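J.: In my numbering, the protein residues as written are 16 to 52.
First the structure, which I've put down as structure tokens, then a few questions once you've had a look.
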Amino acid sequence: LHLAELFRLADQAGLLSNPEQATQRMKAVLATRGIEV
16 LHLAELFRLA DQAGLLSNPE QATQRMKAVL ATRGIEV
């Protein structure tokens, strides 16, 4: 399971207590791999 898919599933399930903060953190993780969103 790809990390981005896991993130989407967690969001859809309502598991992210602070979705905005989680999004910023996910963007930072992806940026370390050269993926800009």
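All residues carry an ideal CB built from backbone N, CA and C; glycine is no exception.
Nothing here was measured: the structure is a model prediction, and the numbers come from that model.
Taking the alpha helix (DSSP H) that L18 falls in, what are its first and last residues?
T.: Note, L18: alpha helix (DSSP H), 18-27.
J.: Please list the terminal residues of the continuous alpha helix (DSSP H) segment that includes L45.
T.: Start and end: 34-47.
J.: I need the straight-line Cα distance from A31 to A25, nearest angstrom please.
T.: Per the sequence shown, the amino acid found at residue 31 is Leu instead of Ala. Their backbone Cα atoms lie some 6 Å apart in a straight line.
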